[in-house]
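First the structure, in the form of C-alpha cells, and then the observations on it.
2 protein chains.
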Amino acid sequence: MKYEAAKLKDISKALGLSVSTISRALHDSHEISEATKKMVRDYAESINYRPNPIAVSLREKRTRSIGVIIAEIANSFFSQIINGIESVAFIKGYNVIITQSLESYERELNNINFLASHSVDGCLITVSTETSNYDHITKLYKNGFPVVFFDRVVEEIKTHKISIDNFKGAYDATTELIKCGFKRIAMLANAEHLSITQERLAGYKKALTDAGCAVDNSLIKYCRHGGMIYEEVEQSMNEAMQLSNTPDAFFAASDKLTTNFVRYCTAKKIKIPDELGLIGFSNLDLTDLLVPSLSVIRQPAFEMGRIATELLIKTIEARRPIVDFERKILQPELLIRESSKKRKK
Amino acid sequence: MKYEAAKLKDISKALGLSVSTISRALHDSHEISEATKKMVRDYAESINYRPNPIAVSLREKRTRSIGVIIAEIANSFFSQIINGIESVAFIKGYNVIITQSLESYERELNNINFLASHSVDGCLITVSTETSNYDHITKLYKNGFPVVFFDRVVEEIKTHKISIDNFKGAYDATTELIKCGFKRIAMLANAEHLSITQERLAGYKKALTDAGCAVDNSLIKYCRHGGMIYEEVEQSMNEAMQLSNTPDAFFAASDKLTTNFVRYCTAKKIKIPDELGLIGFSNLDLTDLLVPSLSVIRQPAFEMGRIATELLIKTIEARRPIVDFERKILQPELLIRESSKKRKK
DNA sequence: TTGAAAGCGCTAACAA
DNA sequence: TTGTTAGCGCTTTCAA
Numbered sequence: 001m002k003y004e005a006a007k008l009k010d011i012s013k014a015l016g017l018s019v020s021t022i023s024r025a026l027h028d029s030h031e032i033s034e035a036t037k038k039m040v041r042d043y044a045e046s047i048n049y050r051p052n053p054i055a056v057s058l059r060e061k062r063t064r065s066i067g068v069i070i071a072e073i074a075n076s077f078f079s080q081i082i083n084g085i086e087s088v089a090f091i092k093g094y095n096v097i098i099t100q101s102l103e104s105y106e107r108e109l110n111n112i113n114f115l116a117s118h119s120v121d122g123c124l125i126t127v128s129t130e131t132s133n134y135d136h137i138t139k140l141y142k143n144g145f146p147v148v149f150f151d152r153v154v155e156e157i158k159t160h161k162i163s164i165d166n167f168k169g170a171y172d173a174t175t176e177l178i179k180c181g182f183k184r185i186a187m188l189a190n191a192e193h194l195s196i197t198q199e200r201l202a203g204y205k206k207a208l209t210d211a212g213c214a215v216d217n218s219l220i221k222y223c224r225h226g227g228m229i230y231e232e233v234e235q236s237m238n239e240a241m242q243l244s245n246t247p248d249a250f251f252a253a254s255d256k257l258t259t260n261f262v263r264y265c266t267a268k269k270i271k272i273p274d275e276l277g278l279i280g281f282s283n284l285d286l287t288d289l290l291v292p293s294l295s296v297i298r299q300p301a302f303e304m305g306r307i308a309t310e311l312l313i314k315t316i317e318a319r320r321p322i323v324d325f326e327r328k329i330l331q332p333e334l335l336i337r338e339s340s341k342k343r344k345k
Numbered sequence: 346m347k348y349e350a351a352k353l354k355d356i357s358k359a360l361g362l363s364v365s366t367i368s369r370a371l372h373d374s375h376e377i378s379e380a381t382k383k384m385v386r387d388y389a390e391s392i393n394y395r396p397n398p399i400a401v402s403l404r405e406k407r408t409r410s411i412g413v414i415i416a417e418i419a420n421s422f423f424s425q426i427i428n429g430i431e432s433v434a435f436i437k438g439y440n441v442i443i444t445q446s447l448e449s450y451e452r453e454l455n456n457i458n459f460l461a462s463h464s465v466d467g468c469l470i471t472v473s474t475e476t477s478n479y480d481h482i483t484k485l486y487k488n489g490f491p492v493v494f495f496d497r498v499v500e501e502i503k504t505h506k507i508s509i510d511n512f513k514g515a516y517d518a519t520t521e522l523i524k525c526g527f528k529r530i531a532m533l534a535n536a537e538h539l540s541i542t543q544e545r546l547a548g549y550k551k552a553l554t555d556a557g558c559a560v561d562n563s564l565i566k567y568c569r570h571g572g573m574i575y576e577e578v579e580q581s582m583n584e585a586m587q588l589s590n591t592p593d594a595f596f597a598a599s600d601k602l603t604t605n606f607v608r609y610c611t612a613k614k615i616k617i618p619d620e621l622g623l624i625g626f627s628n629l630d631l632t633d634l635l636v637p638s639l640s641v642i643r644q645p646a647f648e649m650g651r652i653a654t655e656l657l658i659k660t661i662e663a664r665r666p667i668v669d670f671e672r673k674i675l676q677p678e679l680l681i682r683e684s685s686k687k688r689k690k
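For the record, the sequence lines run as chains W and B. When the first sequence is numbered by my numbering, its final residue is 345 and no position is left out of the sequence of numbers. When the second sequence is numbered by my numbering, its final residue is 690 and no position is left out of the sequence of numbers.
Structure, rendered in C-alpha cells:
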C-alpha cells in the first residue's frame, strides 16, 4: 500500500514548464516572472503539493530535525524538558525525534546510532543511568556531529552542556532538613557515576559537615535505575530502615526516587514527616496535593529544554566549528511544604 | 559545521570495486563471492559504515518510521501509550516520531502535514479537542496514507480504530457512585464533539436512568481543553457548585479533569468524599497515594499503543489496499478506592 | 561474479 | 526569464 504524493514533475507536466522553473517559482526566486509564479503557486496549492522532505534532505545534506535521547517519557521532569525543546524547535522550523533509553545503555547506543546516521542534524542527550562508557558519543562528536548535553552531562566531552546547580539543590534541601530538626538524614541517590549524582552527593555532604553533622556512608543508598523500578527503592529503604540507628529523614535525589519513597512509606505505614522527613527532587505537578504535601526541589525543566535546543541549533547552523562551548547552570527552586516539617513531640 | 559519514563510494574507492558490488556485498547477495563479501564487510565494519537512511528512504519510497500525534506528552495516559507504541515499533524496526497537538487544531494540522509528506510511512492519531473538521485526515486517507486512530477516533473515516469501552467505563463509575449513596452526580466532561465524550456521556446517562435517577443537564460540564487548563476546570466547578441544588459527587471524564478536580477541591477546602465524591478516568501512577486515594477508571494505555502500532504496521506492509478495517475495543478497569466511599453521617 | 548506468525528487550551476 | 543537466547516496536492471 503506498501513498503517491504530487511531485515537481507532475506540476511541470501539467503546466508545460520545466521542473527547475517550478522549483524556483515555489521558492519565490527573483528570476521567475510574477505571472509564472502565480500560476505555479496556484496549481501547487490546488493539488496540495508538498516538497518531499526526504529528497530535500538528501540534496541539502541536512534534515532540519533534531534528535533527543531521554531516559523516560513517562517522567514529568523529562516530559517538561521535551515541551521546552519543542517550543524552540517549532519556531526554528526543526522537527524533533524523541527516543527513550529507559535507562538502558544498549538502547541508548541504538538510538544514538540511528539518529546520527543522517537522520537528524544534531542531538540532545542525557545519558542513561547504565552508561559509564562514552565512546559512542565521543566518536560522533569527533566526527563533527553536534551534540548538546543536558541534565546528566559528560564532563570528558567538550561540547555545550546545560544542567542545574545540583550541588546547591542538594545543599539547600539537606540544610532545610537540618534546620527542621532532623538528625540522621539519609540520601536516596541515583546511579553513582552520573554527574548529577556526584554533584548532589557533594551538596548533601557539604550541608551536613557545614552543620557539624557527621557523614555516615551507610545512610547513602544508590539506586542503579534512578528509582525507575520500585523494587530497587524498596530494597534500599529496607536496608536503611534496618540500620541500628535508623534515619529520621531522607533526601531523595530524583523524581522517581521521591515518588517511590512516598509509595514505600505508604505501603509500610510510615508517617511522613513524623517518622520520616522528606525533601526530594520532583517536577511532578501533583506533589502539592499529596498528604502531606511534599517539600521538593523543582528544576526549571522547560527552560533547560529551551536553552539546550537553542544551543544545539546554534551549533548546527554555525559556519565554522565551535570551539567555545558554553556551560550553563540553571538554578533549582526549593519549595518547602509539609513533608519536611518536623512536629514537636 | 557538518558531519561527513562514510558512503558506498568511499568503500568502492578503497577496495577498487564498483559501488554496486559493495551494495550487493553488504546485502549478502548470492551473486557476490564469499571472498569479496568478507573483504567488503570487514572494511565497512572497520570504518563503521552505516547506510544513509535518507538515501535509502528516497530510493525505497518508505522511511521505516511511523508518526504519532497525541494531545500532550506530559500526561500519563499518553506517555503510557507511547511506551506501548515504541515497544512494538522497536521490534519491527520502525522509528517513532512523536508530535503533540497540545489540543490545538492548528498544531495537529501542522504535524499531520509534516508527517504525511513522506516523513513517515503511516500515522497513529488521536484527534485534539479542538478538531471538529476532519478534512485534513480524510484527504490523506483517500490518498492511501495509512492512518490508525486510537482513543479519540473519528467514526466517519474508514480505517483501523482502537479505543476503550468508554460507555462501560462511564457506566460502571456512575453506577458505583450511585451504589455508594451519592444522589446528585455531576459529570466533568471533555470537549463535547469528541467520540470519547459522547460515549462516556452516554454511559453516565444510562447509569443514571437505569438507577431511576433523572439526568440533569445543568450537572454536565464540558471543558473544551479536556482539563488541560486549570482555569476551565475551575470555572466549570464554580458553576456547578453555585447551583441551587449542588452535586454531591463528580464523574471526571479524563486524566486532567480528575487531577484538576482534586486541585480545585484542595484549593476550596472541599472534603473528598464527604462533601464531594469522585471517580475519574486516570492513568496516573500516583492516584493511590493521594489522600483520599482516588477511585479511578484506568485504561489499558500501553496495550492500546501496542495494538494500534501492530495494526498500523500491518497496514503499511500490506500488499494490497486494506478493505476490512478492525475496530478494537479494550476494557477499562474500575479501581475503587476511597474517593467514592460516602461515609455515613 | 562484477560493472555501468539509470533513477528516486529535489536544487542549483550553467546555458540559452 | 526559462530550460538543461548534474548530482545528493543508494538500489537494481541490464550488460559484460
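Ideal Cβ positions, reconstructed from N, Cα and C, are used throughout, including at glycine. Values in this document were obtained by computation on a predicted structure and should not be read as measured data.
> Looking at the C-beta of Ser57 of chain W, does it have a partner C-beta in chain B at a distance below 8 angstroms?
Replying inline: yes
> What three-state label does DSSP hand Met1 of chain W in the structure shown?
Replying inline: Bear in mind that the predicted position of Met1 of chain W carries a pLDDT of just 39, short of 50, making it unreliable; the figure below should be weighed with that in mind. Coil at Met1 of chain W, not helix or strand.
>> Under 8 angstroms, with one C-beta from each stretch per pair, do the stretch 236-252 of chain W and the stretch 166-186 of chain W reach the 3-pair mark?
In response: These segments touch.
>> Tell me which residues of the stretch 386-402 of chain B have at least one Cβ-Cβ distance to chain W shorter than 7 angstroms, keeping chain order.
In response: Arg395, Asn397, Pro398, Ile399, Ala400 and Ser402
> At a Cβ threshold of 8 angstroms, is Asn83 of chain W touching chain B?
Replying inline: yes
>> On a Cα-Cα basis, can you pick out the residue from W:Tyr43, W:Asn166 and W:Thr258 that is closest to Leu357 of chain W?
In response: No statement about residue 357 of chain W is possible, as the shown extent of chain W runs from 1 to 345 and does not include it.
>> Against Ala5 of chain W, what residues of chain B qualify as contacts under a CB-to-CB distance less than 9 angstroms, listed in chain order?
In response: Ala461, Ser462, His463, Asn488 and Phe490
>> Would you call the stretch 444-458 of chain B in contact with the stretch 501-510 of chain B, where contact means no fewer than 3 C-beta pairs closer than 8 angstroms?
In response: no
> By a C-beta neighbour count over all protein chains shown, 10 Å radius and 16 as the cutoff for buried, is Gly277 of chain W buried or exposed?
Replying inline: buried
> When burial is assigned at 16 or more other CB atoms within 10 Å of the CB, is Ile624 of chain B buried or exposed?
Replying inline: buried
> Exposed or buried, which one is Gln80 of chain W when buried takes at least 16 other CB atoms within 10 Å?
Replying inline: Result: buried.
>> Here's the rule I'm using: 16 or more other beta-carbon atoms within 10 Å means buried, otherwise exposed. How should Pro491 of chain B be labelled?
In response: buried
> Ile329 of chain W: which of W:Glu317, W:Ile313, W:Pro321 and W:Ala308 sits nearest, CA to CA?
Replying inline: W:Ala308
> Any beta-carbon of chain W closer than 8 angstroms to the one on Glu431 of chain B?
Replying inline: yes
>> With a threshold of 8 angstroms, are at least 3 pairs of Cβ atoms found where one atom belongs to the stretch 362-371 of chain B and the other to the stretch 291-310 of chain W?
In response: no
> Just the Cα atoms here: how many angstroms apart are Met346 of chain B and Leu639 of chain B?
Replying inline: Since pLDDT at Met346 of chain B reaches only 39, below the 50 mark, its modelled position is unreliable, and the value read off the structure follows with that caveat. Straight across, the Cα-Cα distance linking Met346 of chain B with Leu639 of chain B is about 53 angstroms.
>> For a contact defined as C-beta to C-beta under 8 angstroms, what are the partners of Val636 of chain B on chain W?
In response: Leu290 and Val291
> Which bits of chain W does Ser421 of chain B rub up against, with CB to CB less than 9 angstroms?
Replying inline: Against chain W, the beta carbon of Ser421 of chain B has neighbours under 9 angstroms at Ala74, listed in chain order.
> Since Val607 of chain B meets chain W, which of its residues come closer than 7 angstroms, beta carbon to beta carbon?
Replying inline: Leu289
> Ends of the beta strand (DSSP E) at Arg672 of chain B?
Replying inline: Arg672 to Leu675
> At what residues does the alpha helix (DSSP H) containing Arg651 of chain B begin and finish?
Replying inline: Ala646 to Glu662
>> So Leu286 of chain W contacts chain B; which residues on that side make the cut at Cβ distance below 7 angstroms?
In response: In chain order: Thr604 and Leu631.
>> Suppose contacts are defined by Cβ-Cβ distances below 8 angstroms. Is Ala419 of chain B in contact with Ser446 of chain B by that definition?
In response: no
> Is it the case that the Cβ atoms of Cys525 of chain B and Lys686 of chain B are separated by a distance below 8 angstroms?
Replying inline: yes
>> Using beta carbons (cut-off 8 angstroms, strictly below), is Thr266 of chain W in contact with chain B?
In response: yes
> Between the C-alpha atoms of Asp165 of chain W and Glu199 of chain W, what's the straight-line distance to the nearest angstrom?
Replying inline: 8 angstroms
> With a cut-off of 8 angstroms, does the C-beta of Ile615 of chain B fall near any C-beta of chain W?
Replying inline: It does not: the Cβ of Ile615 of chain B has no partner Cβ on chain W nearer than 8 angstroms.
> What distance in whole Å lies between the Cβ atoms of Met649 of chain B and Gln517 of chain B, which are believed to be in contact at a cut-off of 8 angstroms?
Replying inline: The residue you asked about is not Gln; residue 517 of chain B is Asp in the sequence shown. Not a contact, Cβ separation roughly 18 angstroms.
> In chain order, which continuous runs of the beta strand (DSSP E) of length 3 or greater are located wholly inside the stretch 86-168 of chain W?
Replying inline: The beta strand (DSSP E) runs lying completely inside the stretch 86-168 of chain W and spanning 3 residues or more are 95-100, 122-125, 147-150 and 160-164, given in chain order.
>> Between which residues of its own chain and Ala536 of chain B is the CB-CB distance below 7 angstroms, once the five residues before and five after are set aside?
In response: For Ala536 of chain B, where only same-chain residues beyond five positions count, the Cβ hits under 7 angstroms are Thr474, Thr542, Tyr567, Arg569 and Gly571.
>> If you reduce the DSSP assignment to three classes, tell me which class Arg263 of chain W lands in.
In response: helix
>> For a test of the three-state rule: what should DSSP assign to Tyr49 of chain W, helix, strand or coil?
In response: coil
> When the Cα atoms are used, what is the spatial distance from Tyr134 of chain W to Asn52 of chain W?
Replying inline: 36 angstroms
> Which term fits Ile436 of chain B, buried or exposed, when burial requires 16 or more other beta carbons within 10 angstroms of its beta carbon?
Replying inline: exposed
> Per DSSP, what kind of secondary structure is Phe281 of chain W in: helix, strand or coil?
Replying inline: Of the three classes helix, strand and coil, the one that applies to Phe281 of chain W here is strand, per DSSP.
> By DSSP, does Arg298 of chain W sit in helix, in strand, or in coil?
Replying inline: strand
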